[in-house]
Amino acid sequence: MSRIRRWRLVPLIAVLALLAAACGTDDATTTTEAPGVTETTEAATTTAAPTETTEPEASMNFGDPVTLTLGHPFPAQHPIQVGTLEPLAQAINDATDGTVTIEFAAGGSLAAAPATFENTVVGGQDLGWALQGYHAGVFPVTEIIEQPFQFESAMQATRTLWDLYEEFPELGEEYSDVKLLALWVHDVGDLWTKDKEVQTLEDMSGLTLRFPTPIMGQVIEAMGASPVGMPAPQIFDSLSTGVIDGLMIAVSGLQSFQLYPELAYGTTCGCYVAAQYLTMNLDSWNSLTPDAQAVVEGLARESSFTSAQVYDDAYVAVSAIALEEGIVKYDLPEDELDRWKAVGQEVTDAWIAEREAEGIPAQAMYDRMQEIKANYS
Numbered sequence: 001m002s003r004i005r006r007w008r009l010v011p012l013i014a015v016l017a018l019l020a021a022a023c024g025t026d027d028a029t030t031t032t033e034a035p036g037v038t039e040t041t042e043a044a045t046t047t048a049a050p051t052e053t054t055e056p057e058a059s060m061n062f063g064d065p066v067t068l069t070l071g072h073p074f075p076a077q078h079p080i081q082v083g084t085l086e087p088l089a090q091a092i093n094d095a096t097d098g099t100v101t102i103e104f105a106a107g108g109s110l111a112a113a114p115a116t117f118e119n120t121v122v123g124g125q126d127l128g129w130a131l132q133g134y135h136a137g138v139f140p141v142t143e144i145i146e147q148p149f150q151f152e153s154a155m156q157a158t159r160t161l162w163d164l165y166e167e168f169p170e171l172g173e174e175y176s177d178v179k180l181l182a183l184w185v186h187d188v189g190d191l192w193t194k195d196k197e198v199q200t201l202e203d204m205s206g207l208t209l210r211f212p213t214p215i216m217g218q219v220i221e222a223m224g225a226s227p228v229g230m231p232a233p234q235i236f237d238s239l240s241t242g243v244i245d246g247l248m249i250a251v252s253g254l255q256s257f258q259l260y261p262e263l264a265y266g267t268t269c270g271c272y273v274a275a276q277y278l279t280m281n282l283d284s285w286n287s288l289t290p291d292a293q294a295v296v297e298g299l300a301r302e303s304s305f306t307s308a309q310v311y312d313d314a315y316v317a318v319s320a321i322a323l324e325e326g327i328v329k330y331d332l333p334e335d336e337l338d339r340w341k342a343v344g345q346e347v348t349d350a351w352i353a354e355r356e357a358e359g360i361p362a363q364a365m366y367d368r369m370q371e372i373k374a375n376y377s
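In the working numbering, the protein residues as written are 1 to 377.
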């Protein structure tokens, strides 16, 4: 008999309201490499971004008024824009005495998802937000945080990522063409299936599963299933027509794409998280006065943790909705989860060897990640 997780429905009225508003629109995915290599950002809910600001001092020089454009591939109602970036923009405007204004260009209006980073580099937009996984080959070191079966929450992973960033210059070098303002990850992803409940590795055999990241595609294949890549908006139809039997996706993604009607089962595995960034064009950054830079950098860095909380709140809220929608959630017993982790470790070991061959201290980074994340458990 399945061991079913029964979440307590918590009174997250604001959370659920925003999730409903963003329904079906806020987990955009794009193909990043050859067909079948995709990355996702799962929907979230809102937690107010940092708005505590210091009143501008008379001696501060914020320069002439400037309007910066923040481009991203997601809908304007995405909870990260609503819950993190819009309050961040307001806080920056307040703290610079109205000098620095940020406007949003959502929905890929300035650049498609795979071009978001490069468009920021060349100045097609002042700021950019997307997933590192959209940009094949650009962020191989940041993939450290996307190794399977590592994290319990978005907050734990986000704090770990920042500590690694501070300790390993190889991570920072991936962002040398821009000013990095924020880094965070989405809520933990699990396995979801349409017709077959998965309780063991053997149950994976013969399943066709949509994968969220290249690394998780390798994990799915190593588990005996067939990985398939596709843009996230195609998931619902692919489930309904039988193209795929299930998928790995962050819990919040169920709400984004209203996948509940097409799913009967979930398997709690804590399979993965995926990284996201907020960056700024270097010329745009250098055009700001030192006082304005200090405001932007300080508030934006803190917004990393706001975004992580947004996603963790979504995990709780959407988990409750999934149960109400009739999805049966199975918790892997520890001995079976250890088998899954062993498969994932083989993929991680191969990733470490590949990075080491490129001169990246991947083993040292991985070992340090284990130490750091324990501090945030």
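Beta carbons are placed, not taken as given, at the ideal position from N, Cα and C, and that holds for glycine.
Asked	Found
E262, enclosing alpha helix (DSSP H) - first and last residue	Premise fails: E262 is in no alpha helix (DSSP H) and is neither H nor E.
4-residue-minimum alpha helix (DSSP H) runs that sit fully inside the segment 152-207, ordered along the chain	154-167, 169-173
Where the beta strand (DSSP E) containing A281 begins and where it ends	Rather than Ala, the amino acid found at residue 281 in this sequence is Asn. From DSSP, the beta strand (DSSP E) with N281 extends over 275-281.
Spatial distance of G94 from I102 (CA atoms)	The sequence given here places Asp at residue 94; Gly does not occur at that position. Taking the straight line joining both Cα atoms gives about 11 angstroms.
Reduced DSSP category for E221 - H, G, I as helix; E, B as strand; rest coil	helix
For S307 and T84, believed in contact at Cβ under 8 angstroms, the rounded distance	5 angstroms
Distance, A154 Cα to A364 Cα	22 angstroms
Secondary structure of D313, DSSP reduced to three states	helix
Beta-carbon gap between V343 and M230 smaller than 7 angstroms	no
Cβ-Cβ distance between T120 and G133 below 7 angstroms	no
Collapsed DSSP secondary structure at I372 in the structure displayed	helix
Where D61 falls, given that 16 or more other Cβ within 10 Å makes a residue buried	Per the sequence shown, residue 61 should be read as Asn rather than Asp. With fewer than 16 Cβ atoms within 10 Å of its Cβ, N61 is classed as exposed.
P65, buried or exposed, once every other Cβ within 10 Å from all chains shown has been counted against 16	exposed
Short Cβ contact (7 angstroms threshold) for S252 with V318	yes
Status (buried if at least 16 other CB within 10 Å, exposed otherwise) for I360	buried
Where the alpha helix (DSSP H) through I92 begins and ends	86-95
N- and C-terminal bounds of the alpha helix (DSSP H) containing T348	334-357
Inter-residue spacing [alpha-carbon to alpha-carbon] between I80 and Y376	23 angstroms
Counted within 10 angstroms of its Cβ, other Cβ atoms place T206 as buried (16 or more) or exposed	Sequence check: residue 206 is Gly here, not Thr. Under this definition G206 is an exposed residue.
Separation of Y265 from D291, as counted between CA atoms	52 angstroms
Length of the line joining the Cα atoms of Q199 and Y330	7 angstroms
M216 to L282 span [Cα, whole Å]	33 angstroms
Nearest to S176 (by Cα), restricted to the options Q293, T208, F139, V310	F139
Straight-line Cα distance separating S59 from W340	58 angstroms
Of the residues G172, D349, Y272, V178, the one placed nearest S122, counting alpha carbons only	Sequence check: residue 122 is Val here, not Ser. The shortest C-alpha separation from V122 is found at V178.
Rounded straight-line distance, which links the Cα of A274 to that of A182	14 angstroms
Neighbour-count burial assignment, E146, 16 or more Cβ in a 10 Å radius	buried
CA-to-CA distance, A91 to Q156, given in whole angstroms	25 angstroms
Pairwise C-alpha distance: D97 and C271	44 angstroms
I144 (DSSP reduced to helix, strand or coil)	helix
Delimiting residues of the alpha helix (DSSP H) encompassing I235	235-240
P75 classed as buried or exposed, judged by whether at least 16 other C-beta atoms fall within 10 angstroms	buried
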